[in-house]
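Colleague: Here it is, the structure, as structure tokens.
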Amino acid sequence: MVEVVFGASEAASLKMSRLRNRADEIICLDLGLDVGEIRNLDNESKRSNALETLFRDGTKAGERVWKEYKERVNRYSVMPERLRTLAAEGKTIRIWYGKAPYEVCGYYYTCHLLNDLTDQISAVKLPDVLFRQDTNMPYEVSTMGEIVHEEFPSLLAYEKPLNEWEIQIGTMHWERLVQENAVLRASVNGKPMSVRESFYDFMIENTLTEEPQQEAEVLGNVLGEYEPGIGDGWLAHRIEAGIRKGTVRIAKDDRNPFERWICKK
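Quick note: the sequence shown uses the working numbering, first residue 16, plus one each step.
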């Protein structure tokens, strides 16, 4: 069994879970597929250049976000071909994903990768509500990255085999996103859609006040209140855009962008 996940956090949790002994290999496609142009995804250099153009804007925050994405591209760019090799060898593939755009985009991308290679594919999709093992109390999760390692085995109850048509549909969704080749994909009515770069800006604007707040606090409040399924790196990138546009003011600067104080202008 080859396990496929779309974030480093869930890959680490899966490795710590009891399922690790059953896995031939864990493939982490932490490629940030909800962000940046994806038409040249199979070309590491072009993908890296596209992300550099998007994020590297001469600011400390932009440099930090760019380095984060560059590291991910460098580390995980070999994984798609590795997955195809394992599938061609006849390995059974199991995909783990939740509702976040990066995960659903990853699911579509995996269908595209394996479309012509194997019919031994299953998927574990997070349900809207889970129940705690110790108290049986319901709770909501949106991404596999929120699942602790002890809970992974219980999620096998939601595993289902993917038939040929489901894989074809996933492939078609991926091809549509590639054709549109937007710089951002967000969840609209539960599906990743190509959207404008400013899609999440209203969340930042609603969270900012006239009183200065540390940028890290603003980011945390946006993620906690709206649960957008996007990383804080993208939100920091959009705060920089707000500063340039004049809608965000730096009240007290800092060498670390996350430590500076910002407010509405």
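All C-beta atoms in this analysis are idealised placements derived from N, C-alpha and C, irrespective of residue type, glycine included.
Compute the Euclidean distance between the alpha carbons of Arg54 and Gly257, then round it to the nearest angstrom.
Modeller: Whole-angstrom Cα-Cα distance: 28 Å.
Colleague: For the structure I just gave you, are there three or more beta carbon pairs, one from the region 238 to 253 and one from the region 109 to 123, closer than 8 Å?
Modeller: Segments in contact, yes.
Colleague: Is the number of C-beta pairs between the region 119 to 132 and the region 152 to 163 that are closer than 8 Å three or more?
Modeller: Counting Cβ pairs under 8 Å, fewer than three are found: no touch.
Colleague: Select from Asn58, Pro95, Glu255, Gly47 the residue whose C-alpha is nearest the C-alpha of Val17.
Modeller: Cα-wise, what sits closest to Val17 is Pro95.
Colleague: With burial defined as no fewer than 16 other Cβ atoms inside 10 Å of the residue's Cβ, what is the status of Val263: buried or exposed?
Modeller: Classification for Val263: buried.
Colleague: Leu128 and Glu40 - do their beta-carbons sit closer together than 8 Å?
Modeller: No.
Colleague: Where does Glu86 land, buried or exposed, given buried means 16+ other C-beta within 10 angstroms?
Modeller: Exposed.
Colleague: When the Cβ atoms of the region 164 to 184 are set against those of the region 74 to 94, are three or more pairs found closer than 8 Å?
Modeller: The region 164 to 184 is not in contact with the region 74 to 94.
Colleague: Tell me, please, whether the region 273 to 280 touches the region 216 to 224 by the rule of three or more beta-carbon pairs shorter than 8 Å.
Modeller: The region 273 to 280 is in contact with the region 216 to 224.
Colleague: Confirm, please, whether the CB-CB distance from Glu255 to Ala65 is below 8 Å.
Modeller: Contact: no.
Colleague: State the DSSP-derived secondary structure class of Met16, mapped to helix, strand or coil.
Modeller: Met16 falls in the coil class under three-state DSSP.
Colleague: Taking the DSSP output, what are the residues bridged to Phe146?
Modeller: Answer is Pro153, bridged to Phe146.
Colleague: Could you give the C-beta distance for Leu98 and Val139, rounded to a whole number, given that I count them as a contact under 8 Å?
Modeller: Going by Cβ atoms, the distance from Leu98 to Val139 rounds to 16 Å, so no, they are not a contact pair.
Colleague: If you draw a straight line from the alpha carbon of Ile182 to that of Gly239, how long is it in whole angstroms?
Modeller: Cα to Cα, Ile182 sits roughly 33 Å from Gly239.
Colleague: Can Phe21 and His252 be called in contact, C-beta distance under 8 Å?
Modeller: No, they are not a contact pair.
Colleague: Given that a residue counts as buried once 16 or more other Cβ atoms are within 10 Å of its Cβ, and exposed if not, what is Phe146?
Modeller: So Phe146 counts as exposed.
Colleague: Within this structure, are the beta carbons of Glu52 and Asn196 separated by less than 8 Å?
Modeller: Yes. Within cutoff.
Colleague: Do you know whose CA, among Cys43, Ser213, Ala103, lies nearest Val50's CA?
Modeller: The option with the nearest alpha carbon to Val50 is Ser213.
Colleague: With distances taken Cα to Cα, identify the nearest neighbour of Leu199 among Ile136, Val193, Glu190, Ser209.
Modeller: If we check each option's Cα against that of Leu199, Ser209 comes out closest.
Colleague: May I ask you to list the residues that DSSP assigns as paired with Lys175?
Modeller: Lys175 is bridged to Ala138.
Colleague: Hey, quick one: how far does the beta strand (DSSP E) through Ala201 stretch, first residue to last?
Modeller: Segment 200 to 203, the beta strand (DSSP E) holding Ala201.
Colleague: Who are Tyr117's beta bridge partners in DSSP?
Modeller: BP columns for Tyr117 are empty, so no partner.
Colleague: Look at the Cβ atom of Arg109, then the Cβ atom of Val88, and state whether they are nearer than 8 Å.
Modeller: For Arg109 and Val88, no; Cβs fall outside 8 Å.
Colleague: DSSP three-state call for Glu40: helix, strand or coil?
Modeller: Looking at Glu40 - three-state DSSP - the assignment turns out to be strand.
Colleague: State yes or no: is the C-beta of Leu29 within less than 8 Å of the C-beta of Arg37?
Modeller: Going by C-beta atoms, Leu29 is not nearer than 8 Å to Arg37.
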